[in-house]
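Quick notes on the structure that follows.
Protein chains: 2
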Amino acid sequence: MKFFRMTNQREVILEEIGRYKGHPTADLLYERIKKKLPHISLATVYRNLEILSEVGKIRKLEISGRQKRFDRELKEHNHIYCLQCHRIDNIHMVSEQMLASGSEKEIGYKISGCRIEFFGICPECQRKNKPQKQNESADSHVTCKLNTRQREVLAALESYTTPCTGKDIAAMTSLEAAQVSCQLASLKKKGLVASPARWKYKITKAGKDAL
Amino acid sequence: MKFFRMTNQREVILEEIGRYKGHPTADLLYERIKKKLPHISLATVYRNLEILSEVGKIRKLEISGRQKRFDRELKEHNHIYCLQCHRIDNIHMVSEQMLASGSEKEIGYKISGCRIEFFGICPECQRKNKPQKQNESADSHVTCKLNTRQREVLAALESYTTPCTGKDIAAMTSLEAAQVSCQLASLKKKGLVASPARWKYKITKAGKDAL
DNA sequence: CCTTGACATAGTAATTATTACTAATTATTT
DNA sequence: AAATAATTAGTAATAATTACTATGTCAAGG
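The listed protein sequences correspond, in order, to chains L and R. Using this note's numbering, the first residue of the first sequence is number 445, and each one after it goes up by one. Using this note's numbering, the first residue of the second sequence is number 445, and each one after it goes up by one.
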């Protein structure tokens with residue numbers, strides 16, 4: 445049997461998937477991981493995602509769309525997929541009842557699992573679709589006066605489960621650490637981010653709504 | 445609005461999908477269609493599969509595996525996928541009940557559909573897996589003494605919904621028309637194929653079992 | 001009937017996501 | 001420490017699909 449070695453690269457990959465709320469693709473993970481391990485190769489990311497999912501540490505999704513996606517969530521759940529922006533969210537429901545429905549016998553397959561994939565339009569895209577007229581107009585009074593940098597910082601925070609430091613955010617975005625902390629201060633004053641611990645920031649409900 | 449022109453190529457593509465029982469991939473269809481339209485381009489096949497599915501004449505499946513698959517079946521159904529040989533079969537069951545289960549509200553998505561994908565081992569692969577020892581031995585007494593050509597003819601027939609002529613089969617396989625009719629005669633004698641009309645052949649239950 | 005313009009086509013190039021390969025490096029076992 | 005095995009970065013190769021381009025076809029309006 446092959447021996448599995450927990451290398452530094454694998455730890456970072458695993459940690460990065462864990463930090464990420466959604467179902468990231470290999471290349472997105474690669475972009476993020478590169479910030480920490482600048483010399484890592486895309487092939488290493490791909491290989492390890494494959495191996496980690498074989499070992500059962502992560503889960504590989506082969507869902508709609510061109511790219512495979514990965515997540516850390518190991519308990520059974522299904523997915524819902526936005527036809528418009530291609531984001532994927534989790535959806536929890538029993539799937540066992542269907543397995544028991546006698547269809548297994550009916551068609552002769554030995555069923556080992558089931559994946560349910562809903563598709564539709566996610567809340568965010570629904571919101572985007574509604575107001576079609578205000579495109580040419582002011583465009584700023586709706587979204588609580590967020591500038592590009594603030595939006596970028598907020599978006600980065602939004603995609604993470606764990607609280608981040610300013611440095612983390614700088615690594616995820618194109619911004620410098622100084623720029624980030626400046627935006628964080630202003631966002632905090634508006635109540636769009638909270639700081640559960642010194643130097644640690646997370647997005648608030650209001651922050652999510654503002655996005 | 446764009447005008448949709450039913451060209452000869454599109455008719456042939458549509459007909460070929462209709463003739464095919466499974467969920468063929470673009471390149472498989474291309475191989476088959478080339479027999480009838482030797483000058484058709486793979487790009488044309490791809491483009492038209494896309495267009496035909498937009499127009500609603502066929503359905504595009506984005507299921508597990510690398511390639512997209514297409515089928516003509518327009519009423520709602522779900523799929524089951526063999527992890528081993530990658531074949532895909534239909535499975536009929538109600539999916540509406542899940543849509544009503546309140547999860548729509550729960551996550552804010554506007555759900556427009558749902559795809560359920562079971563996976564497991566298909567009957568054929570199960571059969572292949574069982575007898576592991578007889579690999580070196582005679583290898584012929586089990587399968588009702590089918591030779592390679594007969595097997596090829598039978599497999600071609602098996603994949604079609606409509607009765608085929610010998611010429612059809614010759615086109616699908618690597619065999620000459622004369623070779624095909626010779627094999628058909630012998631298969632008919634064994635009861636593995638039936639001839640519902642003069643020059644038309646279809647596979648029988650016994651034929652499927654023999655495969 | 002002949003031109004005009006939208007739609008289609010074959011053939012090919014380009015792209016995207018992923019996998020395979022290779023030589024060098026690192027860890028584990030003997 | 002030497003031998004062996006696993007892993008890596010970097011790059012080449014592959015598979016499926018899409019984009020591009022020049023040419024061709026068809027149907028309608030002058």
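Every residue gets a Cβ at the ideal spot worked out from N, C-alpha and C, and that includes glycine.
Under the 10 Å beta carbon count, L:Asp653 is surrounded by fewer than 16 other beta carbons and is classified as exposed.
Counting the other Cβ atoms within 10 Å of the Cβ of L:Thr469 gives 16 or more, which makes it buried. According to the DSSP assignment, R:Arg593 belongs to the alpha helix (DSSP H) that extends over Thr592 to Glu602.
Within the same chain, Cβ atoms closer than 7 Å to the Cβ of R:Glu460 are found at Leu473, Arg476 and Ile477, the five residues on either side in sequence being excluded. Counting the other Cβ atoms within 10 Å of the Cβ of R:Ser485 gives fewer than 16, which makes it exposed. Of the residues assessed, R:Glu596 falls on the buried side of the cut-off, its CB having 16 or more other CB atoms within 10 angstroms.
By the Cβ-count criterion, R:Gly651 is buried, with 16 or more other Cβ atoms from all chains shown falling within 10 Å of its own Cβ.
Annotated three-state conformation of R:Lys554 is strand, per DSSP. Boundaries for R:Ser485: no alpha helix (DSSP H) harbours it, and the DSSP string shows neither H nor E there. The shortest C-alpha to C-alpha distance from R:Asp515 to any of R:His523, R:Lys504 and R:Ile524 is the one to R:Lys504. The C-alpha of L:Gln570 lies about 8 Å from the C-alpha of R:Lys554. For L:Arg513, the number of other beta carbons within 10 angstroms of its own is at least 16, and it is reported as buried.
Counting along the chain, R:Lys652 sits inside the alpha helix (DSSP H) bounded by residues Lys649 to Ala654.
The DSSP-derived three-state label of L:Ile524 is strand. Around the C-beta of R:Arg642, fewer than 16 other C-beta atoms lie within 10 Å, and the residue is accordingly described as exposed.
The beta carbons of L:Ile457 and L:Asn492 sit closer together than 8 Å. R:Asp533 has its alpha-carbon roughly 8 Å from the corresponding atom of R:His467. C-alpha of L:Arg463 to C-alpha of R:Gln453: approximately 50 Å in a straight line. In this chain, the alpha helix (DSSP H) harbouring R:Leu628 covers Ala621 to Lys633. For the options R:Thr609, R:Ile613 and R:Arg593, the alpha carbon positioned closest to that of R:Ser630 is the one of R:Arg593. In this structure, R:Ala621 and R:Lys611 form a Cβ contact; the two beta carbons are roughly 6 Å apart against a cut-off of 8 Å. DSSP places R:Arg503 inside the beta strand (DSSP E), whose first and last residues are Arg503 to Leu505. By the CB criterion at 8 Å, L:Lys646 and L:Val637 fall inside the cutoff.
Here L:Val637 is bridged, per DSSP, to L:Ile647. By the neighbour-count definition (other C-beta atoms within 10 Å, threshold 16), L:Ser625 is a buried residue.
The secondary-structure analysis by DSSP pairs R:Phe514 across a beta bridge with R:Lys504.
When the five nearest sequence neighbours on each side are left out, the beta carbons in the same chain lying within less than 7 Å of the beta carbon of L:Val489 are those of Ile457, Ala470, Leu473, Tyr474 and Ile477, in order along the chain. Apart from the 5 residues on each side of it in sequence, R:Thr606 sits with its Cβ closer than 7 Å to the Cβ of Arg463 in its chain, given in chain order. The residues Thr469, in chain order, have a CB closer than 6 Å to that of R:Gln511 in the same chain once the five nearest residues on each side in sequence are set aside.
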